[in-house]
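Chemist: Sharing a structure with you now.
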Amino acid sequence: MLITALLLSTGAAQAQESARETAQEPAHEVAEAPAATGPAALLDSSYRPSPSISARLQHDFLSRIRWNVGAPLRDALVAAFAERKPTEIWQDLVRADGLTTNNVVDAVTAYWVLNWVTANGAYSARIDNAPIRRQLQRAMASDQGFLTLNDQQRQTLAENYVLDFLLEHAALNEAVASKNGAALARLATASVTRFRQKMGIDLLSVQPGPDGFAPRPR
509 MLITALLLST GAAQAQESAR ETAQEPAHEV AEAPAATGPA ALLDSSYRPS PSISARLQHD
569 FLSRIRWNVG APLRDALVAA FAERKPTEIW QDLVRADGLT TNNVVDAVTA YWVLNWVTAN
629 GAYSARIDNA PIRRQLQRAM ASDQGFLTLN DQQRQTLAEN YVLDFLLEHA ALNEAVASKN
689 GAALARLATA SVTRFRQKMG IDLLSVQPGP DGFAPRPR
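In terms of our numbering, the sequence shown is residues 509 to 726.
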């Protein structure tokens, strides 16, 4: 189901063993979710944040950056996060899209949109996040794996997405600003591969619209 795909795409998988055994939601089922009605329309995906959990997630994230990318980037992120909390930086970036902190659906929405933009090279596209948010809200409302998550698990899931968003957003902005075609191609390939392998979604075959992400017309 959807929750497994979400967990596998971030570091949250290691912290939420209770949700690992659910099956992955096929991409076409997510893209063609029915209109929200009843409980699905009222899903509250917010959570009460814990500073200690945020600190642990940030520490783990920076450790992964240190070993997977290098100390210079880790040190730059440490300095940035010392000035402002990651969630505050993220909030400034997505506020205009109607998204807010301490909400799983909002964190996932921002991440999906960013990866679609990166994969498709749609750097100047104006995307309405609201339909995509509603689409993900419907999917989560029908996912028992998500509905059983407690505040700690929701925060872990959401803030891992926030941290990954900040890293990928910064990389994309730098590549666009410097007109680095090779870097943009690498980032696009990474987004496409990540969503295909971990979520079963082909970002090149869908497009945002009034009902969220839907298959491109043939």
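All residues carry an ideal CB built from backbone N, CA and C; glycine is no exception.
How would you call H677, buried or exposed, if buried means at least 16 neighbouring beta carbons within 10 angstroms?
Modeler: Stepping through the sequence shown from its first residue, residue 677 is reached at position 169. So H677 ends up on the buried side.
Chemist: For the pair the segment 695-707 and the segment 641-658, tell me if three or more CB-CB distances fall below 8 Å.
Modeler: no
Chemist: Is L712 near T626, with beta carbons less than 8 Å apart?
Modeler: Within the sequence shown, residue 712 is the residue found at index 204, counting from 1. Within the sequence shown, residue 626 is the residue found at index 118, counting from 1. Their beta carbons are not under 8 Å apart, which means L712 does not touch T626 by this criterion.
Chemist: Could you name the residues that DSSP lists as bridge partners for P716?
Modeler: Translated into positions along the sequence shown, residue 716 becomes position 208. Its beta-bridge partners are F721.
Chemist: For a test of the three-state rule: what should DSSP assign to N611, helix, strand or coil?
Modeler: Translated into the one-based positions of the sequence shown, residue 611 becomes position 103. Three-state result, N611: strand.
Chemist: Can you tell me the Cα-Cα spacing of D651 and I573, whole angstroms?
Modeler: By one-based count along the sequence shown, residue 651 stands at place 143. By one-based count along the sequence shown, residue 573 stands at place 65. So the two alpha carbons sit approximately 31 Å from each other.
Chemist: Cβ of I561 within 8 Å of Cβ of Q660?
Modeler: As a first step, residue 561 must be located in the sequence shown, where it is residue number 53. As a first step, residue 660 must be located in the sequence shown, where it is residue number 152. Yes. Within cutoff.
Chemist: Per DSSP, what kind of secondary structure is S686 in: helix, strand or coil?
Modeler: Indexing the sequence shown from 1 puts residue 686 at position 178. Note: S686 maps to coil in three-state DSSP.
Chemist: Does DSSP put S650 in a helix, a strand or coil?
Modeler: Position 142 of the sequence shown, counted from the first residue, corresponds to residue 650. Correct three-state label for S650: coil.
Chemist: Please tell me whether R704 has its Cβ less than 8 Å away from any Cβ of chain C.
Modeler: Of the protein chains in the structure, only one exists, and it is not chain C.
Chemist: Go ahead and pull the three-state DSSP assignment for S558.
Modeler: By one-based count along the sequence shown, residue 558 stands at place 50. In the structure shown, S558 sits in coil (DSSP, three-state: anything other than H, G, I, E or B).
Chemist: Tell me whether D583 is buried or exposed, calling it buried when 16 or more other Cβ atoms sit within 10 Å of its Cβ.
Modeler: For the purposes of this step, residue 583 is taken as residue 75 along the sequence shown, with counting starting at 1. By the 10 Å Cβ count, D583 comes out exposed.
Chemist: Whose C-beta lies closer than 7 Å to the C-beta of R603 among residues of the same chain, with five residues either side of it excluded?
Modeler: In the sequence shown, the residue the question calls residue 603 occupies position 95. Closer than 7 Å at Cβ, skipping near neighbours: no residue.
Chemist: Return yes when the Cβ of N668 is within less than 8 Å of the Cβ of L565, no when it is not.
Modeler: To locate residue 565, count along the sequence shown from 1; it is residue 57. To locate residue 668, count along the sequence shown from 1; it is residue 160. In contact: L565 and N668 (Cβ atoms closer than 8 Å).
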